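Below is one structure; the comments refer to it alone.
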Amino acid sequence: MEQEQNELDWLLDSMIEYLKSPMWTTEICDFIDQNCVFFAGELHDENSLELTQIHNQFTKLIDEKLDTFCAEFGISYEVFVQACSKISNKLHKKCIDQIISVDNFLMFKRMMILRNTKLNQQALLQLQTKGDAVPKACEIKANYDAEEAELEQALAESKALMAQQEAFEKSNTQQLEKQKKLEEELKAKRKEKEEVMKKEQEFPDLFARPVNTQ
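Residues in the sequence shown are numbered from 1 upward in steps of one, following my numbering.
Printed below as a string of structure tokens:
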């Protein structure tokens with residue numbers, strides 16, 4: 001029994017190390033950065049065939065990476081899934097939950113929208129660093145979009161976690177409260193964004209950014 005537990009611990013540690021290694025992260029991160037530009041809209045926007053195809057390519061890439069891991073360690077996919085179900089470390093479990101939820105298109109879409117907004121935000125910061133003039137409205141929108149996308153991603157992860165736990169427990173008060181709080185924060189952030197952008201349209205000079213002539 002102790003030997004089986006040691007083997008399981010070794011396998012779980014190997015899985016987490018693999019998920020953090022360049023063998024896993026490089027190609028996946030490159031795929032996300034190259035394709036997130038197609039997810040520049042809102043979460044509720046109509047899903048095109050192109051977005052569905054990108055999601056299918058991503059799930060195929062994940063499956064290929066998992067197959068590589070299983071082959072290297074001489075285990076079946078069933079053994080991999082069984083090992084995932086026995087993870088107790090919360091941080092490790094979060095990593096595995098993200099992999100398990102990869103088939104969920106809405107989760108994938110939220111992730112891509114979040115990454116796209118963050119890249120846009122980084123681009124604006126680079127322009128500011130160079131001294132280029134950046135419309136204040138663009139900066140405000142980028143910041144709010146990034147915060148909104150992060151809240152949506154956190155809310156999606158919370159809902160996904162609740163769905164996975166339904167088979168084991170009928171209620172989870174703490175998780176429900178967290179989900180409710182995220183929904184309220186997201187609603188408040190959207191309202192604040194609308195008010196600020198409305199003021200920017202009515203009084204553009206209030207948000208004017210002087211051009212750096214040096």
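Glycine residues also receive a C-beta, built at the ideal position from the N, C-alpha and C atoms. All figures in this text were calculated on a predicted structure; none of them were measured in a lab.
Residue i to residue j span [Cα, whole Å]
i	j	result
Ile96	Cys70	15 Å
Met107	Ile100	11 Å
Leu182	Ala40	22 Å
Lys65	Phe31	13 Å
Leu114	Glu27	18 Å
Leu61	Asp67	10 Å
Lys191	Glu184	11 Å
Asp103	Thr59	6 Å
Glu194	Asn47	24 Å
Coil, strand or helix - residue i by DSSP
i	result
Ser14	helix
Ile28	helix
Cys138	Reliability of the predicted coordinates at Cys138 is poor, the pLDDT of 49 falling under 50, and the value obtained from them is presented with this limitation in mind. Reduced to three states, the DSSP call for Cys138 is helix.
Glu46	coil
Lys86	coil
Ala71	helix
Asn116	helix
Ala40	coil
Residues near residue i by beta carbon distance below 6 Å, same chain, minus five either side
i	result
Cys289	Since the first residue of the chain shown is 1 and the last is 214, residue 289 is not available in this structure.
Glu17	none
7 Å CB neighbourhood of residue i in its chain, flanking five on each side removed
i	result
Leu19	Cys95
Lys93	Ile87
Identity of the residue in the options nearest residue i by Cα
i	options	result
Val37	Glu27, Glu46, Ile28 and Leu51	Leu51
Leu12	Thr25, Gln82, Pro22 and Asn47	Gln82
Asn230	Glu184, Tyr77 and Lys86	No information on residue 230 is available, as it lies outside the stretch 1 to 214 that the chain covers here.
Cys29	Tyr77, Gln53 and Asn116	Asn116
Gln53	Tyr77, Phe105, Asp9 and Ser76	Phe105
Cβ-Cβ distance between residue i and residue j below 8 Å
i	j	result
Asn56	Met112	no
Ser14	Phe73	yes
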